[in-house]
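Novice: Numbering (the UniProt record's numbering), first residue to last: 3 to 359. Just so you know, even glycine gets a beta-carbon here, dropped at the ideal spot from N, CA and C. Here it is, the structure in full.
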Amino acid sequence: TFNFSAGPAVLPEPVLRRAADEMLDWHGSGMSVMEMSHRGKEFIGIASKAESDFRKLLAVPDNYRVLFLQGGAMAENALIPMNLLGEKTSADYVNTGEWSKKSIKEAGKYCKVNVAATAADRDFTYVPAQDTWQLDPNAAYVHICTNETIGGVEYNWVPDTHGVPLVADMSSHLLSRAVDVAKYGVIYGGAQKNIGPAGLTLVVVRDDLLGHALPITPSAFNWKEQADNDSMLNTPPTYSIYIAGLVFEWLLEQGGIEAIEKRNIAKAALLYDYLDQSRFYSNPVARGDRSRMNIPFRLADAALDDAFLKGAQQNNMVQLKGHRVVGGMRASIYNAMPVEGVQALVAYMKEFERTHG
Ligand code: PLP
């Protein structure tokens, strides 16, 4: 079965097999990873290998800390202003869709939010060009969502925020492409797309941005306190970290980010090329801003949606229904989706078009 879920999403099969093999007895320890103390030498080894492999994959500079937290990206939407505001009272946000909107709403509880640019005028189908952004030089940070999972809009460039820290929600494309980490102040994301099981949240934060938290910030979500304790101020999501570590090893075996990015470009091109030559299906996103990970598309006649989904299921392709906000279909093709899955989808779409078009 090919699973096109937007998240939690498909994981690499070798990772799941290895986790199954190690489930009852991890490396002769007599324990499942789920049963280990997070302070024991076995788990400390697992966690530090996971961190060093993650650093290797993204070439994270030494002056950045990698935190393994809980709460999901949604919790971080509140924790970002809490951790970064310091003496400042406002932050800039760029609105490119549903996840930007959620970030804006949450941050508005803690600070003044300036929407520096919005794609509302074209129904969130593009990234507003940098020269239209109205940035405030006094903002504590500039927040963007670099891949809108619902709308299928992805940044293919890094904004210049003139020294104000750039904060990016990369939940749905982290580890799918190379990132110049040094251009960001903070990168964060939930794990349940390209990284591992839900329950783990990654925060990559530049050293100098630690230590500015509002006094009301809960200790478990205070990035400085977590950094000082190697993300073990309290019990971390141990099993999710372990699986994420196996995914990092799998990625390194695949040839790292460069190799996986090439594959992702080719997979996305297969589907977009087909959509673009078809008059039966369409994708609304500006070509230069299309997501490689989440590809929404519509059928010319929405009355055929149910038949399309049913046929897909019969052909072992699941979770293709689009998000309720945009309707239609959505194919999420994360790292672990093999090219054969995209080929099978395109073949099915062709056949459906032939018989219903
Ligand atoms: N941001 C983006 C881009 C997402 O895709 C999601 C979840 O799908 C979230 C934030 C929310 O993440 P979580 O459910 O881990 O809180």
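Hey, Val155 and Tyr128: beta-carbon distance below 8 Å or not?
Specialist: Yes. Within cutoff.
Novice: Measuring from the CB of Thr98, is there a heavy atom of the ligand PLP at a distance below 7 Å?
Specialist: Incorrect: Thr98 has no Cβ contact closer than 7 Å to the ligand PLP.
Novice: Would DSSP call Phe354 helix, strand or coil?
Specialist: Helix, per DSSP.
Novice: What is the DSSP secondary structure of Phe45, counted as helix, strand or coil?
Specialist: Three-state DSSP puts Phe45 in a helix.
Novice: With a 10 Å radius around its C-beta and 16 neighbouring C-beta atoms as the bar for buried, classify Asn196 as buried or exposed.
Specialist: Counting Cβ neighbours within 10 Å, Asn196 comes out buried, since at least 16 surround it.
Novice: Return yes when at least one heavy atom of the ligand PLP lies under 7 Å from the C-beta of Asp171, else no.
Specialist: It does: the Cβ of Asp171 is within 7 Å (strictly closer) of some heavy atom of the ligand PLP.
Novice: Give me the Cα-Cα distance between Gln228 and Phe70, rounded to the nearest whole angstrom.
Specialist: For Gln228 and Phe70, the distance between alpha carbons rounds to 9 Å.
Novice: Quick one: what's got a C-beta closer than 6 Å to Gly73's C-beta in the same chain, skipping five residues either side?
Specialist: Answer for Gly73: Thr203, listed in chain order.
Novice: Using DSSP with H/G/I as helix, E/B as strand and the rest coil, what is Glu89?
Specialist: It is coil, neither helix nor strand.
Novice: Who are the near neighbours of Ala119 in its chain, counting only those whose CB is closer than 6 Å to its CB and skipping five residues on each side?
Specialist: Around Ala119: Val96, Pro130, Thr134 and Trp135.
Novice: Which word fits Lys312, buried or exposed, when buried means at least 16 other C-beta atoms lie within 10 angstroms of its C-beta?
Specialist: It counts as exposed.
Novice: On a Cα-Cα basis, can you pick out the residue from Gly359, Glu24 and Ala200 that is closest to Asp303?
Specialist: Asp303 has its Cα closest to that of Gly359, out of Gly359, Glu24 and Ala200.
Novice: How long is the line joining the alpha carbons of Gly42 and Ala314, rounded to whole angstroms?
Specialist: Answer to the nearest angstrom: the Cα atoms are 46 Å apart.
Novice: Grab the span of the beta strand (DSSP E) containing residue 1 for me, first residue to last.
Specialist: A question about residue 1 goes unanswered here, because the residues of the chain that appear run from 3 up to 359.
Novice: Taking DSSP as the reference, what is the three-state secondary structure of Leu13?
Specialist: Residue state, collapsed to three classes: coil.
Novice: Would you mind working out which of Tyr350, Met319, Gly201 and Ala268 sits nearest Asn5, comparing C-alpha positions?
Specialist: Considering only alpha carbons, the answer is Met319.
Novice: Out of Leu87, Tyr157 and Ser173, state which residue places its alpha-carbon closest to the alpha-carbon of Ala141.
Specialist: Out of Leu87, Tyr157 and Ser173, Leu87 has the C-alpha closest to the C-alpha of Ala141.
Novice: Identify, in the order they occur along the chain, each residue of the same chain with its Cβ nearer than 7 Å to the Cβ of Pro83, setting aside the five sequence neighbours on each side.
Specialist: Contacts found: Ala93, Ala109, Tyr112 and Cys113.
Novice: By DSSP, does Ala75 sit in helix, in strand, or in coil?
Specialist: Helix.
Novice: Considering only the alpha carbon of each residue, which of Asp125, Ala170 and Pro239 lies closest to Thr148?
Specialist: Comparing Cα positions, the closest option is Ala170.
Novice: Kindly give me the distance between the Cβ atoms of Pro167 and Tyr143, rounded to whole angstroms, as I take these residues to be in contact under 8 Å.
Specialist: With a Cβ gap of about 4 Å, Pro167 and Tyr143 count as contacting.
Novice: Please state whether the Cβ-Cβ distance between Gly191 and Leu176 is less than 8 Å.
Specialist: Yes, they are a contact pair.
Novice: Spatial neighbours of Pro63 within its chain, please: CB distance less than 8 Å, with the 5 preceding and 5 following residues excluded, ordered by chain position.
Specialist: If we look at Pro63 and ignore the five residues flanking it on each side, its Cβ neighbours are Val183 and Ala184.
Novice: Which same chain residues, not among the five before or five after Thr91, have their C-beta less than 7 Å away from its C-beta?
Specialist: Excluding sequence neighbours, Thr91 sits near Cys113 and Lys114.
Novice: Could you check whether the segment 288-296 touches the segment 326-341, counting it as contact only if at least three pairs of C-beta atoms, one from each stretch, sit closer than 8 Å?
Specialist: Because the criterion of three Cβ pairs below 8 Å is met, the segment 288-296 and the segment 326-341 touch.
Novice: Within this structure, are the beta carbons of Lys104 and Asn85 separated by less than 8 Å?
Specialist: In this structure, Asn85 does not lie closer than 8 Å to Lys104 by Cβ.
Novice: Tell me where the beta strand (DSSP E) around Gly313 begins and ends.
Specialist: Element bounds for Gly313: not the beta strand (DSSP E) but the alpha helix (DSSP H), Asp307 to Gln316.
Novice: Reducing DSSP to helix, strand and coil, say where Met319 ends up.
Specialist: Three-state result, Met319: strand.
Novice: Once the 5 residues before and after Phe282 are set aside, which same chain residues still bring their CB inside 6 Å of it?
Specialist: Contacts found: Ala302, Glu355 and Gly359.
Novice: Applying the 10 Å Cβ sphere with the 16-neighbour rule, what's the burial state of Ser221?
Specialist: By the neighbour-count rule (16 or more Cβ atoms within 10 Å), Ser221 is not buried but exposed.
Novice: Can you tell me the Cα-Cα spacing of Ile245 and Met36, whole angstroms?
Specialist: About 11 Å.
Novice: Within the continuous beta strand (DSSP E) that includes Gly191, where are the two ends?
Specialist: From DSSP, the beta strand (DSSP E) with Gly191 extends over Val188 to Gly192.
Novice: Specify, as a first and last residue, the run of the alpha helix (DSSP H) that Ala109 falls within.
Specialist: Its alpha helix (DSSP H) spans residues Glu100 to Ala109.
Novice: So for Arg292, helix, strand or coil by DSSP?
Specialist: Reduced to three states, the DSSP call for Arg292 is strand.
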